[in-house]
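Chains as they are written, first to last, in our numbering: chain A, 128 to 629; chain B, 822 to 982.
Right, here's the structure in full:
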């Protein structure tokens, strides 16, 4: 009953005209960046982070959340019609989605992707409503040791799932922690790694780091190649899937939704991993796996549902524990912090309007996406025809302005350009930026909780293993660190390891 | 990739250099941690976490170096094989020049040439499109930010903008 009252309260907040407008802007921009290759939700959210300052916390965070799940919808359009994933979570949709489009079935592919996304998004929100308050009440009992171990686990999971060498991913995570510690020490107020520069006293901003590593570096990588676009030019008709399509897709949508939701909750997990996992699951369960890769609708329905459910599930660790499970949630944490809010176990009780408002707005956003996206497919296709040699200078211009506006400081533009160049060389040498960014955000929290737990336990290191939740997290982290040394586990890691870029 | 793209004991082994840079960074972080004071386990100091993260960095870097020497690694050349490597270099040069000119000349006077260069140097866009995009996009954004959002962009020594 309490949940229903809270949900009603949330809808009261989300249905305010200003919040509806921000929700619409968010899902529209999200779809746009999802559609356009070369700019993903991470770049768009960091670009718009300063804009959230202009409104109430509810409006800003509703918009940021809208960009995230909007991009999940938009990404599939590019994958199906152009065979280029608009963002990383839609990579797997290219395989069967584009084949369907080539066979003249672009409409059903786009339709099942939108309906599957809507169903998964709805399920994820209902689960979020039910799970988050219970988890938050448990999380109140968490001490610094539990938080430290959970964050350590999150970082290890992400490095485990990052493409390429695990040593490289761990090195990136360590560099991220060091970068996050630049500035004044929160306990002793001693400047660290500032090299006498006054601009570094407050540390390096999240926006220039993310925009550099993901925005500028992505442009540099894209311009190395001649981007060929195989756009489906035929008129798209019959967006509604047939009865047979629904029959084939019902199972994949259901399984993708549940799988995606739980993978989304895991620290270090997210939309990208869940879409690949769903594809692999559907192929394994199929009686005719040979159809996969040649236009099987299950190969579109499952992954698209999974990535949307994961996008909803990822809100749980952020909202209930205050720990971002992935880079996108780290940016959302940035939006909370900008408004002086700290997501965590007390958010639901202290700011019920904000929490339930965001949850309700996500449902409204999902409806908006379904209603808007299907009729607007034609417009997105036209947009895809914009050549990359015109698009990338505009992306660079927007990133420069976005970074400058986040702090009104030219120094941040220099930082972004420097990280863009570093990010380009990192990617060329096989070092993924995702662990660095997550560690950059978690670094100060990780340090704070480690030092606090050592002070509280009077230097007793067993505090991390005598507390059950902390012990379980650390045991899992150790397992994942040691696991890749075993050949069978290494093979499995290589199968699931993903490029979290863009 | 060509046959000699995977090398072990050679200076152009890119994995080796990646590891060496990581090791140097790790060493620097350890040194900085010690400089900031480690404190004790009962009361960790400002350099405590930096010191131990530096040690971890060095360990991971050493493992990358060992792997590069035992398993080999791609050469720098093979990393850029079959790519238009001059294009990102040109963009980097343009962005570096822009970063130097932004404070001195201000946003409009630095961003318009930047846009012209980016539109013309990489995959040349015809002049009839380059000029309007290069002029209208920065000026449009400048107008929106200055007039609508009241954000002051750098105006430089000529105070334009």
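Positions of the beta carbon are idealized from the N, C-alpha and C atoms, including for glycine. All figures in this text were calculated on a predicted structure; none of them were measured in a lab.
Do residue j and residue i come within 8 Å of each other at the CB atom, strictly closer than that value?
| i | j | result |
| --- | --- | --- |
| residue 339 of chain A | residue 543 of chain A | yes |
| residue 871 of chain B | residue 837 of chain B | no |
| residue 283 of chain A | residue 487 of chain A | no |
| residue 848 of chain B | residue 885 of chain B | no |
| residue 981 of chain B | residue 927 of chain B | yes |
| residue 255 of chain A | residue 442 of chain A | yes |
| residue 228 of chain A | residue 200 of chain A | no |
| residue 493 of chain A | residue 248 of chain A | yes |
| residue 935 of chain B | residue 921 of chain B | no |
| residue 900 of chain B | residue 563 of chain A | no |
| residue 332 of chain A | residue 570 of chain A | no |
| residue 489 of chain A | residue 196 of chain A | yes |
| residue 375 of chain A | residue 417 of chain A | no |
| residue 470 of chain A | residue 463 of chain A | yes |
| residue 537 of chain A | residue 923 of chain B | yes |
Tell me residue i's beta-bridge partners as DSSP assigns them.
| i | result |
| --- | --- |
| residue 828 of chain B | B:894 |
| residue 311 of chain A | A:318 |
| residue 865 of chain B | B:860 |
| residue 589 of chain A | Per DSSP, none; premise fails for residue 589 of chain A. |
| residue 834 of chain B | B:896 |
Beta-carbon within less than 8 Å of residue i's beta-carbon, same chain only, minus the 5 sequence neighbours each way: which residues are those?
| i | result |
| --- | --- |
| residue 865 of chain B | 859 |
| residue 869 of chain B | 854, 859, 860 |
Taking 8 Å as the threshold (beta carbon to beta carbon), is residue i in contact with chain B?
| i | result |
| --- | --- |
| residue 609 of chain A | no |
| residue 432 of chain A | no |
| residue 560 of chain A | no |
| residue 272 of chain A | no |
| residue 145 of chain A | no |
| residue 297 of chain A | yes |
| residue 268 of chain A | no |
| residue 470 of chain A | no |
| residue 453 of chain A | no |
| residue 531 of chain A | yes |
| residue 92 of chain A | What is shown of chain A runs 128 to 629, which leaves residue 92 of chain A out entirely. |
Would you mind working out which of the options sits nearest residue i, comparing C-alpha positions?
| i | options | result |
| --- | --- | --- |
| residue 306 of chain A | B:897, B:835, B:852, B:874 | B:874 |
| residue 422 of chain A | A:324, A:232, A:188, A:217 | A:232 |
| residue 246 of chain A | A:598, A:533, A:438, A:593 | A:438 |
| residue 403 of chain A | A:222, A:570, A:505, A:464 | A:222 |
| residue 855 of chain B | B:863, B:839, B:835, B:876 | B:876 |
| residue 281 of chain A | A:382, A:573, A:133 | A:573 |
| residue 431 of chain A | A:224, A:138, A:332 | A:224 |
| residue 185 of chain A | A:342, A:569, A:466 | A:466 |
| residue 399 of chain A | A:434, A:269, A:380, A:389 | A:434 |
| residue 265 of chain A | A:598, A:447, A:519, A:193 | A:447 |
| residue 336 of chain A | A:138, A:436, A:458, A:503 | A:458 |
| residue 939 of chain B | A:585, A:347, A:207, A:252 | A:347 |
| residue 234 of chain A | A:503, A:349, A:138 | A:503 |
| residue 524 of chain A | B:929, B:879, B:904, B:906 | B:929 |
| residue 576 of chain A | A:328, A:274, A:175, A:456 | A:274 |
| residue 527 of chain A | B:978, B:974, B:979 | B:974 |
Whose C-beta lies closer than 7 Å to the C-beta of residue i among residues of the same chain, with five residues either side of it excluded?
| i | result |
| --- | --- |
| residue 881 of chain B | 843 |
| residue 314 of chain A | 578 |
| residue 937 of chain B | 951, 955 |
| residue 295 of chain A | 557, 558 |
| residue 990 of chain B | What the structure shows of chain B is the stretch from 822 to 982, and residue 990 of chain B is not part of that stretch, so it cannot be assessed. |
Counting only C-beta atoms, is residue i closer than 8 Å to chain A at any point?
| i | result |
| --- | --- |
| residue 958 of chain B | yes |
| residue 943 of chain B | yes |
| residue 968 of chain B | no |
| residue 843 of chain B | yes |
| residue 881 of chain B | yes |
| residue 831 of chain B | no |
| residue 852 of chain B | no |
| residue 934 of chain B | no |
| residue 953 of chain B | no |
| residue 946 of chain B | yes |
| residue 870 of chain B | yes |
| residue 964 of chain B | no |
Considering only residues of the same chain and omitting the five flanking positions on each side of residue i, which have a CB-CB separation below 6 Å?
| i | result |
| --- | --- |
| residue 166 of chain A | 160, 522 |
| residue 475 of chain A | 260, 263, 482 |
| residue 226 of chain A | 421, 422 |
| residue 972 of chain B | 966 |
| residue 507 of chain A | 162, 204 |
| residue 379 of chain A | 409, 425, 428, 429 |
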